[in-house]
Amino acid sequence: MNFVVKKGDLLEEKTILLVEDNQDDVILTKRALKKANILNKIVVCSDGIEALEYLRDEGEFSNKETQGYPEVILLDLKMPRMSGIEFLKEIRNDPKLRFIPVVILTSSKEEQDVIESYDMGANSYIRKPVDFDQFVAAIQTLGLYWLVLNIAPKGGT
Amino acid sequence: MHKWIRIVDALIEWAMIVDSNSRIVHCNSALARGIGVAQGELIGLGLGNILRFDSGVELPITLVEPSESIQAIIMTREGTAIETDIRSARVREGYSVLILETPKEMEILQVLDQGLNAAVIINNERLIIDANQRMVDMLKLHSKSELVGHDILDFISKDHKDRVINALEMMTRGESDSGDWLEMGIVRGDGSDMLIDMKLMENRSPSSSDSRLIIAVFQDHSEIRTALKRAQEEIHLVRSYLEIAGVIFIALDRNAKITFINSRGCDVLGYSYDELIGKSWFDFVPANAVDDVRRMFHKLINGKVEGVRLRREIVTKEMGKRLIEWNTVIVKDEKGLIQGLISSGEDITELIEAQKKLEESERKYRSVIEQSLTGIVIIANDGEILFGNPAIEAFLGMQELSSPSTKEYMQRVIHPEDLDRFEQFVRTCMREGSHQSIRIRIDNEGRNIRWLELIGNRVSFLQEEVVQIVAIDITQNMKLEEAMDRQNRAIASIANATIKLSNIEDIGENLIRGIVSAYEFDGGVLRLYNQKKKCFEVAKSIGMNRHIFADKVPLDDEMFFTAYVARMRKSVFSEDIETDPEIEKYRNRLRSMGVRSLASIPILDEHNELLAILNLFNRKPREFVPDDKKFLRTLERGLSNLIQRLIIERELILSEEQLRRVMTDIDEGVIIAEFENGLIFANDKFQEIIGYDAEELAKMTLRDVIVSDDYGLIEEENVKRANGESSVFKCRMVTKNGEIRTVRVSAVPFRDKGGQIIGSISIISDLTGQIIADEMRRISELKFRKFFENLPIGVQFIEFREPDRFFLVDVNQAAVQIMSEKLEKFVGTNLKETVPPSHKEFLEYYLQVIGSGKPWHGERVIERNGEVSVAIESHAFLVLPNLLAVTVIDITERARTRREIQRMNEQLGELVQFRTAELEEANRELEAFAYSVSHDLRAPLRSVDGFSKAILEDYETILDETGKDYLHRLRAAAIRMGKMIDDILRLSRVTRVTLTRDKVNLSRIVREIMGRLQNSESERLVNVVIEEGAFAVCDKRLITIALQNLLENAWKYTRKTNDAVIQFGQRDENGQRVFFVKDNGIGFDMKYEDRLFTPFQRLHALGDFEGTGIGLSIVKRIINKHGGRIWARSSIGDGTTFFFTLSE
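Residue numbers (my numbering), protein chains in the order written: chain A, 1 to 157; chain B, 1 to 1144.
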C-alpha cells in the first residue's frame, strides 16, 4: 500500500513538535517530512525540558504566538537533561497534555525501550532506519495516520 | 488512824471521825457530797458547826451501845436541814467514828453516782430534786442547778411527754413500782434531741406516801445491744462447746415445756429450735413410755429425786426412735424453789446398734466355729477334751465330745498306726506352744477312713494352758493323692508289662495285678475279643475264682454285662450295683459272683474296634474319685497297643528269640542285667555304643563298662530297681577303646516268671553326640567371643527390658577405646539411669529398633573449637528380639576430611559467588554498551546516509557520475554497518537471554519460516522437504532465531541452484536426537569449517551473497546455550548440511 499525501491534505495550522537533540537528525527529519509532503509547522525542542516549557508556555515560550497544542509529538528517547521517557511520563500525568499523540522516533530498537515507551503511553514507536529512503517511507506513513486519519479527542488539546 | 480513815472512806453512809474535843478530823466523800461541801472544808470544824442536836445532848457524844442512836439535824450548804440518826463508836486515843443515817434518796444517788446510767430523782410534782453528773452531761448542761427544781417534762420531747405522765400515773395508782424501759426523746441544753430509753423506779419512803421519790434512769440502747450481743456471743461460745461435745442439752420448766435445747438436740430430734421451744417434752417420748417419763418428771419437779441417770427413747420428726442416755438434774432458783430440769443426753443409738452388731458378729463367728467344716477341739493337759465343735464331733463320729469317756473314745477312733504320733503331737503342742501340724487317720468302725490334718498350738483357756487343735478334713485331698499314686503304680506296672513281653501269660497278669493292686480292687478279669468267633475269651483273671466266669462271652448275648459294655464301647463305673440303675439288668448275675462294685473298661483300637474288656471288681461298695475314672478311661485306648500285641503274640506264639530281635532292632541300646548274673542281654545298638560285641559282653559285668565314679550311682539305681521302681538317669560308660560316653538310662525292674524282681531292663541312649554338640557350641561361642573381643569395631550388647529399660550386657575392647573408659562401668546397669543426658537420645533410637525391628544408624560428631574432636558412627540392630547389638566405629578422621572438603566447598562457593558477581557486572556493562551502541553508533550512520542522499538529490546537476557513485558507496557502507551493528546486538542479546524450555514442534516452525521466505521471493522455485513430528524441549524464541538463520542461509545459498531442495529432518545418532537442515546449494570447502561459526567470518564474497557473517555465530550460541552441538558437512557445489542437537 502506498499513500501519497498531497499538498493541502494536511491542515497547516496543525503543528508538529519534534523533540530531538541531534541537529543532523533534526535536519534529516525535517527533510523527510518535507519529502513526505507533510507541510505542517514544525517546532523543534532539543530536549524534554524545553519541550515541556513549550507546551506549558513557560520560560522562553511564555509569550509564544501559537495557541493550542501540537497535533503530534515526535519524540527522541536519548536526550540530555530530560530523556524522552521522562518527558512522556510528565505529559501523560498532565491533564492538559495527556491526550497529545506521541510517536517515539529513535535509533534504538532495544526491547526495553519499546516496552517502556508503550508503558508510558506512547502511541507509536518508530525506529529510525539508517537508510534514508526507508526513513522517508516511515515518516510518510506516520504523517498520514496521525495528521489525517487520526481523530484527536475534542478539547483535550 | 489511817486504817480508820480508809474504813470511813469505804462506807457509803455518811460518816466522819471526830477527836475527843468533837472536832472533825475527817469526813468521807458521801457526807461531803451529801451536804454539798468539799471534803476538806469540814476538817477542823467543831461538830456543832454542822449538827444541831435535840436538847440534852452533850458533846462529845459517847454512845456505848451500838444499837443506841441520837437524833440530830444536819445542815446542807444550801441551808436545808436534814434529820438524821447518829451512831457513834469510840475507836482509840479519844477519836470516835460517827455514822449518820443517810437519807435514802442520797443513798440511791450515791449508788447512781457510782453507776453508769444517767439518773434524776423527781418528787410527786415531777420536780427534779437531784440528778447525777452523767445526767447533767447527757443533757449538755453545765451544772446540776440547771436541773434541780425543774419539771422533768421540760427535758422530754413533746411527743413523749404523755408517755411520762402515763407512766407516773400508773405508778401512783400502784399498778407497778418499776416500769418497763420506755423509748424517750429528750431535749438537751443545746436544743438537740436524743433518743434514749427511760425507766421509772419508785422509792417509797416507809414513813409517808407523800415523800415518795421517783428515780428516772436513762440508758443508752446501744450499750444494751452491745451487752446483749456480747452475752449472745458468750452463749454461742458455750453452745458451740456443747455442740462439740455432741451432747444434747435440754432445759424444761415446771410444766415440762422446753425452754432451751441446743442444736445437737435439734439435730437428733430433727426439728428446728423454734419448732421445739415451748413444746411439751412428753410429745417427744414414745407413747408406751409417756407414763413412765411423766412419773419420773414429777418426782424430780417435786424434789423427791435430786437427779437421775437413765436411758430413754425419744421420737424424732421422722418418727424414728433414738436411744438417749440422759443425765437429768433439777434447777432451783435462789430461794431454793425448783424451777425446772436440765438434762444432758447422749445419743447412744449407734453405740447400742454397734453393740448389737458385735453381738451378732460374735454369734456369727461362734456359729462359724460351731458349724464350721473345720473341726476345733481343745484338749486339756491330761488329754481330756474340754471343747469340741460340731465339725470335730462329726469327724470323730460321736455325739457329745465333752463327756468323761472322750479320751478313750479318741484313742479308739484314731487309726491305731497314728495314735502314738497323735499323742506325741499333743505333747509337742503343749511344750512348744507354736503351731504344729500332723496328719492322722480316723478309723471309725463301719465308716470309711478319714484323713485329718491337725494344726495345734497352746492357748490359755479358762485360765488353764490347753492345746487348741484345728482339724481339717483332707480325705478328699488324700484321695486325690492316692489316685495319683495309683496312677503312677498302674503306669509302672503297664511299663513293666510292656517291657516284659517275653512272657505272654505275664502280660495280662501284670496288667491286671498292677491295676487291681493300685486301685484296690479285689479282683479283675481281662477278656480278649476273638474277632473270628465274635466272642470274648478270658485271658487272665486275678483275685477271683476262675470258674465263676464264663469262658466265652458272645458279643451279642445280652445276658452278659461284658457284652453290654462291649456294645456301649465306653467304660462303666458302678460304685454299688445294688443302687445303680445301669446295672439293674445284670445285678443278679453279678451278685451271684460276689461282685458289689465294678469298673468295666472296653479296650479299643484306633478304628474303635473292640480288642478286649477289662473288668475289675470289689466285693464291697466303693468310691471312684473323678481322677480314678479319668485314668481308667485312658486305658480304653492306652492299652490298645499292648493288647493288640498281646493278641498278635497270642496268635503267633512269639518266641523269646523273636522278642529279642524286636529289641535288637530298636535304635536305642537295650540291656537286661540280672542282679546276680550281670548282663544277660545287650542289643546291637548297645554293642555299637560300647564297642564290645555280644560275646565279650557276656563275660563282663556292668561295672566293667561304667566309669568308676558312677558306681555309687548304679548301686543306688539297683536298689530302686529291687524295690520295683523305674527311673531315668545319666551315667558315663567306657567303651572298648577307652572313650567315655555319656548315656541316658531309662530302667525298669526285670521280673522273672513268678513276678520276682531279679534285675533291670535298661534303654541306653548315647548322649555323647549331644554333649559334643554342646561342647562344640561352647567352643564356637568362645571363638566368637574371642572374635568379638578383638574386633576393631566397637560392639555393645544391650538387652531391652519392658517397657523402656536398656541394660548394657557386654562391650568389647574396641568399644571401650572408641567410646570411653567409663563404658565398662556401665556394664550391667540400666542405661536409662546411668548414661549422661547427652546420650539419652540414643535410647530413643534403640527403642525404635526394638519396636520396628529395623536397624538404625547415625553419627555423633563432637566438636571443640570448630574442629572435629571425636566422631563416631553407630549402628544398632537386633540380634535377638530383646537384644540389641550396637556397633561403633571411630570416624574421626573421616569426619575431619569431610569437614575439610566442606570448608573448601564453602570457599569455592564464595569464589564462585565472587566470580558470578564479576560476571554479572561484566554482563551489565555489556548491556549498557549494547544499549549505547544501539543508540549512538547508528545515529552517525544515519547522518552519513541521509546527507549522502541529500547531496545526491539536491546537487545532482553538479555531480559527475564518479561523484554520484562515491556517494552511493558511502550510503551502502553506512547501511551495511547499520546491519552489522544490528547483528552484533542480536548476538549479544542471544548471549544475555535466559533459557526457558518448553516442548516445541520444530517441524512447524520450519514450515512457517519457509512459508515466509517463499512469500518474500515467490518467483523462486524451491523444493522444501520437512519431516513432520520433530519435537524438542527448548526455548521456542531462540530456536526460531537459530532455524531462521539456518534456513535463510539455505535459501540464500541455493539461489543459484536449479532444482533447489531445502530439507529439514531428524535422526538418531548413538541414541541422540540429531536435527539437520540440508540444502543442495553452492556448499563450502570443509577446510574453512573452523571459521564457519566465528562472527563476521564470511566464506563467500559479499558481492555473491549478502550478509554480515554473524548469523551462524548466533545459531551456534543458541545451540550451545541449549547444551547442544552444531556442526556442518559440506562440499563445494553439492550443498551443505547443518546438524545440531538440543541436549534434553
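Just so you know, even glycine gets a beta-carbon here, dropped at the ideal spot from N, CA and C.
In this structure, the straight-line span from the alpha carbon of B:G340 to that of B:A38 is close to 53 Å. If only complete runs of 3 or more residues are kept, the segment 852–897 of chain B shows the beta strand (DSSP E) at 856–864, 867–880 and 883–890, in order along the chain. In this structure, B:V467 sits near B:I379, with a CB-CB distance shorter than 8 Å. 8 Å or more divides the Cβ of B:G79 from the Cβ of B:L141.
The C-beta distance from B:L147 to B:V164 rounds to 15 Å, too long to fall under 8 Å, and the pair is not in contact. Between the beta-carbon of B:T991 and that of B:Y1053 there is about 26 Å, and that puts the pair past the 8 Å contact cut. Excluding residues up to 5 positions away in sequence, E575 lie with their Cβ nearer than 7 Å to the Cβ of B:E623 in the same chain. Cβ-Cβ separation between B:A72 and B:R52: approximately 6 Å, consistent with a contact (criterion under 8 Å). Excluding five sequence positions before and after B:L323, the CB atoms of its chain that fall closer than 7 Å to its own CB belong to R311, E313, I348, T349 and I352, given in chain order. Under the three-pair Cβ rule at 8 Å, the segment 900–913 of chain B does not count as touching the segment 938–954 of chain B. Per DSSP, B:Q817 is one residue of the alpha helix (DSSP H) stretching across Q813 to I818.
Taking the CA atoms as reference points, B:I672 sits about 43 Å from B:L590. The beta carbon of B:I583 sits closer than 6 Å to those of S574 and I577, all from its chain and outside the five residues before and after it, given in chain order.
Interface criterion not met: the Cβ of B:Y1088 is under 8 Å from no Cβ in chain A.
Residue pairing by DSSP places B:Q1072 opposite B:E1069 in a beta bridge. Collapsing the DSSP output to three states places A:S46 in coil. In the structure shown, B:G345 adopts extended strand secondary structure according to DSSP, grouped into three states. Taken in chain order, the members of the segment 115–142 of chain A whose beta-carbon sits within less than 8 Å of a beta-carbon on chain B are K128, P129, V130, D131, F132, D133 and F135. A buried status is given to A:A32, since no fewer than 16 other beta-carbon atoms sit within 10 Å of its beta-carbon.
Pairing B:S726 with B:V748 gives a Cβ-Cβ distance under 8 Å. Contact between the segment 1031–1047 of chain B and the segment 1112–1122 of chain B is established, with three or more Cβ pairs separated by less than 8 Å.
DSSP, read as helix, strand or coil, puts B:H26 in strand. DSSP, reduced to helix, strand and coil, places A:S83 outside both helices and strands of the structure shown, so it counts as coil. Interface criterion not met: the Cβ of B:D1079 is under 8 Å from no Cβ in chain A. Taking the beta carbon of B:S1003 as reference, no residue of chain A falls within 7 Å; the closest one sits roughly 28 Å away. Chain-order list of chain A residues neighbouring B:L941: V130, by C-beta distance under 7 Å. Of all residues in the segment 940–967 of chain B, the ones placed with a Cβ closer than 7 Å to any Cβ belonging to chain A are L941, R942, S943, D945, G946, K949 and A950, in chain order. Under DSSP, B:G456 shares a beta bridge with B:Q436 and B:I469.
Among the residues of chain B, those whose CB is under 7 Å from the CB of A:E110 are Y931 and S934, following chain order. The beta carbons of B:R703 and B:I757 sit no closer together than 8 Å.
Contact annotation for B:R938 against chain A: S107 and V130 [CB-CB distance below 7 Å, chain order]. Taking C-alpha positions only, B:S1130 is separated from A:I139 by approximately 45 Å. Residues of the segment 75–94 of chain A with a C-beta atom less than 8 Å from some C-beta of chain B are L77 and K78, listed in chain order.
For B:T562, the enclosing alpha helix (DSSP H) starts and ends at F561 to M568. Boundaries for B:P286: no alpha helix (DSSP H) harbours it, and the DSSP string shows neither H nor E there. Taking 8 Å as the cut-off, the Cβ atoms of B:I215 and B:S343 do not count as close.
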